[in-house]
Amino acid sequence: MAAETITPRTIADRHLDQVAAHDPLEAAWLGLHPGDDRQPDLSPDGFEALADIARHTLAALDAAPATEDPTDRACARLLRERLTAELAMHDSGENLRQLRNIGAHVHQVRDIFTFMPTATDDDWSAVAGRLRNLPASLDGYRATLTEGISRGLLAAPRQAAAVSDQLTAWTGEGTGGAGWFAEFVAPGPDRLRGELDAAAHKATAAVAEFRDWLRDTYAPATANTPDAVGRERYRLAVRYHSGADLDLDEAYAWAWSEFHRTAAEMRTETERVLPGAGVKAAMHHLERHGHAVEGEDAVRDWLQQLMDQAITALDGTHFDISGPLRRVESRLAPAGSAASAYYSGPSLDFSRPGRTYLPTLGRDTFPTWQLVTTWYHEGVPGHHLQLAQWVVLADQLSRYQTTLGMVSANIEGWALYAERLMDDLGFLTDPAHRLGFLDEQMLRTIRVIIDIGMHLGLAIPADSGFHPGERWTPQLATEFMATYNGSPAELRSSEIVRYLGWPGQAIGYKLGERAWLQGREAARRRQGAAFDLKAWHMKALSQGSLGLDDLVHQLSTL
Numbered sequence: 001m002a003a004e005t006i007t008p009r010t011i012a013d014r015h016l017d018q019v020a021a022h023d024p025l026e027a028a029w030l031g032l033h034p035g036d037d038r039q040p041d042l043s044p045d046g047f048e049a050l051a052d053i054a055r056h057t058l059a060a061l062d063a064a065p066a067t068e069d070p071t072d073r074a075c076a077r078l079l080r081e082r083l084t085a086e087l088a089m090h091d092s093g094e095n096l097r098q099l100r101n102i103g104a105h106v107h108q109v110r111d112i113f114t115f116m117p118t119a120t121d122d123d124w125s126a127v128a129g130r131l132r133n134l135p136a137s138l139d140g141y142r143a144t145l146t147e148g149i150s151r152g153l154l155a156a157p158r159q160a161a162a163v164s165d166q167l168t169a170w171t172g173e174g175t176g177g178a179g180w181f182a183e184f185v186a187p188g189p190d191r192l193r194g195e196l197d198a199a200a201h202k203a204t205a206a207v208a209e210f211r212d213w214l215r216d217t218y219a220p221a222t223a224n225t226p227d228a229v230g231r232e233r234y235r236l237a238v239r240y241h242s243g244a245d246l247d248l249d250e251a252y253a254w255a256w257s258e259f260h261r262t263a264a265e266m267r268t269e270t271e272r273v274l275p276g277a278g279v280k281a282a283m284h285h286l287e288r289h290g291h292a293v294e295g296e297d298a299v300r301d302w303l304q305q306l307m308d309q310a311i312t313a314l315d316g317t318h319f320d321i322s323g324p325l326r327r328v329e330s331r332l333a334p335a336g337s338a339a340s341a342y343y344s345g346p347s348l349d350f351s352r353p354g355r356t357y358l359p360t361l362g363r364d365t366f367p368t369w370q371l372v373t374t375w376y377h378e379g380v381p382g383h384h385l386q387l388a389q390w391v392v393l394a395d396q397l398s399r400y401q402t403t404l405g406m407v408s409a410n411i412e413g414w415a416l417y418a419e420r421l422m423d424d425l426g427f428l429t430d431p432a433h434r435l436g437f438l439d440e441q442m443l444r445t446i447r448v449i450i451d452i453g454m455h456l457g458l459a460i461p462a463d464s465g466f467h468p469g470e471r472w473t474p475q476l477a478t479e480f481m482a483t484y485n486g487s488p489a490e491l492r493s494s495e496i497v498r499y500l501g502w503p504g505q506a507i508g509y510k511l512g513e514r515a516w517l518q519g520r521e522a523a524r525r526r527q528g529a530a531f532d533l534k535a536w537h538m539k540a541l542s543q544g545s546l547g548l549d550d551l552v553h554q555l556s557t558l
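Residue numbers (full-length UniProt numbering): 1 to 558.
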């Protein structure tokens, strides 16, 4: 048998296999290792083991023979940049203090169940086993956070409080229900009913115990921890989320120019919604009297229809949407989630399709003026079209480039670009829907301003029209968002907690969109009359992951 040729792509995919073997969450998301009932190892040793895998992969990449193949070179560049950024976060101790209301390590013990198959008795047996293993995973994370306490590396108090509230929602204590885990196993087979119910009860009790420890032991230790992380930690986080060393002061200034431009456009659009009323009054009007869908099942179905219609309208004209790309599911987010909508990508074999999730936040009436553009972002042509296309190409590029190697600012930038594209193509001509689009653009612009502003303690510009000269605080950020964005109060509160607990992530939407637009316009200028937007889109979506350092250049050459 001939020896395997060592290339960056084989190294990258070997890295993926090693991560999946160690981390059952990644395996479940990828659709690998069916029947596995492990929970993630969230202990200090577990995080160190993942870091060792990254170090060994980088050493293998250093030792690999040079290659002139452009796909291999792109894979090598991505792999090196991603693993270096991951190790920088690990080595700085970020895992020892990671608590936030979205995408946190602690959420993995529940999220993993949403990736599991539940079609057979064997599937449900694996669910039961994973529920029984949940307490040990939380014990491991308690040890990690305890190590953070001993080293003076702690989350801020509002992050501990937010996660504690989420865990209470998981248990059902706030509503008197049986809790998320009991509800999840309710459709399981009668033959395993006793085992599933007992395992769900054990998992719920473990979540409550961990919540009590967070509240009674961890939270008091965080009392003097500031919300803002400072410039050094922020730069580290920005590199991780964007794949670039961004000029933060330039980004802050640019976002203010975008703010003023978008605010002017919103004032113009408001005159089509409710003449003479003003932006906030028009948005309040749409929230109370605009089109709305009644009932959770009805809004889920309405969003599904919206995505299905987008697929039909865009296929063959602006994209090629065929095979598994055509399947995306609309779902409701489970209780105890953050307040923002989100998307979950398909497994490698598409046995689990891409899924969009709407947090209901206890509501039964759902105004649609913002939902249309949000579902273009989460579904088609946004996250689903990009990430599912990557999975289709996993074997041609590498599985790593299309899954584990994702760069947040790339994918969030594409999704925001997708919203703008739908506006440009005439899908948002309804005044309410277009104001919703502009309001979501404003939200993403506000994110850049207050995320950078709060963490770096920047001054508000003199020409801002809002508290000029003052330094950003969470209180000012909350007031700023309430003044210039139409999100409901509960979402605004969740957003501020998110930015403070997940520094550098939220700026990637708008800065990523800027990179996508710059790359497209550079390609258009280069090709002139020969530029074909559909062809460019499909080439752009077939590159796999890229950091912002590389994205504009690559897009401009397509």
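Note that beta-carbon positions come from the ideal geometry of N, C-alpha and C, so glycine has one too. These figures come from a predicted structure and were not determined experimentally.
- Partner residues in the beta bridge of Thr365, as assigned by DSSP, are Glu294.
- Distance from the CA atom of Gly345 to the CA atom of Ala178, rounded to whole angstroms, is 29 Å.
- Contact check between the region 111-128 and the region 167-176: fewer than three CB pairs, one atom from each, fall below 8 Å, which does not count as touching.
- The region 504-513 makes contact with the region 435-452: 3 or more CB pairs, one atom from each, lie closer than 8 Å.
- For Glu183, the uninterrupted alpha helix (DSSP H) segment begins and ends at Trp180 to Val185.
- Listed in chain order, the alpha helix (DSSP H) elements of length 4 or more contained wholly in the region 262-333 are 279-289 and 296-314.
- Annotated three-state conformation of Thr356 is strand, per DSSP.
- Around the CB of Gln527, fewer than 16 other CB atoms lie within 10 Å, so the residue is classed as exposed.
- In the DSSP secondary-structure assignment, Ser545 is not bridged to any residue.
- For Ala515 and Asp52, the gap between their C-alpha atoms comes out near 33 Å.
- Apart from sequence neighbours up to five positions away, the residues of its chain that approach Ala49 with a beta-carbon distance below 8 Å are His22 and Asp41, ordered along the chain.
- A distance below 8 Å between beta-carbons, with the five flanking residues on each side excluded, links Leu192 to the following residues of its chain, in chain order: Asp121, Trp124, Ser125 and Ala128.
- Here Ala409 is near Gly243, since their CB atoms are less than 8 Å apart.
- Around the beta carbon of His455, a 10 Å sphere encloses 16 or more other beta carbons of the protein chains shown; the residue is thus reported as buried.
- The C-alpha of Ala228 is placed about 41 Å away from the C-alpha of Pro70.
- Partner residues in the beta bridge of Tyr342, as assigned by DSSP, are Tyr357.
- Rounded to the nearest angstrom, the gap between the Cα atoms of Leu16 and Thr365 is 43 Å.
- Fewer than three pairs of CB atoms, one per stretch, sit closer than 8 Å, so the region 484-491 makes no contact with the region 379-399.
- Setting aside the 5 residues that flank it on each side, Gln108 is surrounded in the same chain by Leu25 and Pro40, each with a C-beta closer than 6 Å to its C-beta; the list follows chain order.
- Fully enclosed alpha helix (DSSP H) runs of no fewer than 4 residues occupy 474-484 of the region 470-497, in order along the chain.
- With three or more CB-CB distances shorter than 8 Å, the region 79-95 counts as touching the region 140-154.
- Proximity to Leu138 across Ala529, Ala523 and Ala203 peaks at Ala203, based on C-alpha coordinates.
- Contact annotation, Gly35 with Leu348: C-beta distance approximately 16 Å; criterion of less than 8 Å not satisfied.
- Considered as a whole, the region 401-466 harbours 408-424 and 431-456 as its complete alpha helix (DSSP H) runs of no fewer than 4 residues, in chain order.
- Residue Trp369 holds the alpha-carbon nearest to the alpha-carbon of Leu438 among Trp369, Trp472, Ile460 and Val392.
- Of the other Cβ atoms in all chains shown, fewer than 16 fall within 10 Å of the Cβ of Ser257; this residue is therefore exposed.
- In this model, Thr483 and Glu287 are separated by some 16 Å (Cα to Cα).
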